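Here this note's numbering is used: the first residue of the sequence shown is -1, the next is one more, and so on.
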Amino acid sequence: MSDTRLVQTAVLGKADSMLPVYFPPDYEESLQFRREHDGARFFCGHFLGGCGGELVTKISDFYDIVSHFAHHPTVGGSQDDPLDSAQHRQRVRSESNAIQGWVGLLLETSTA
């Protein structure tokens, strides 16, 4: 799990959703996630500061590439511009850290 640029967080249902989801990097856990969310749509949500584009799940069993969300291949946007793409990856990293902290806080308060 060496590539930290890959997207692990998204929102569920639509770009303006406030329902964050975390895609597990582990191969077996990502297969389970995909089964549990069969038919669901994921987005690079505005709630997370994202572009609003639709995401797909990418499952990998390679040791150096983790399973992750990726922008849908038919969606335009930042993939054509390397600078914009780099800025998007940085924003996604920041959002991922923020959402993981938010989820951790929710878990702490639910067990208190």
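Ideal Cβ positions, reconstructed from N, Cα and C, are used throughout, including at glycine.
Owing to the predicted nature of the structure, the values given are computational and were not obtained by experimental measurement.
- Looking at Thr107, Ser92, Leu105, the one whose alpha-carbon comes closest to that of Leu46 is Ser92.
- Comparing C-alpha distances from Leu10 to each of Gln30, Val54, Tyr25 shows the shortest one belongs to Val54.
- With 16 or more other CB atoms across the displayed protein chains lying within 10 angstroms of its CB, Gly48 is buried.
- Here DSSP, grouped into helix, strand and coil, assigns Leu17 to coil.
- If you look at Leu53, you'll find it in the beta strand (DSSP E) that goes 52 to 56.
- When Arg33, Asp24, Ala38 are compared, the shortest CA-CA separation from Pro18 is found for Ala38.
- Ala96 sits in a helix when the DSSP states are folded into three classes.
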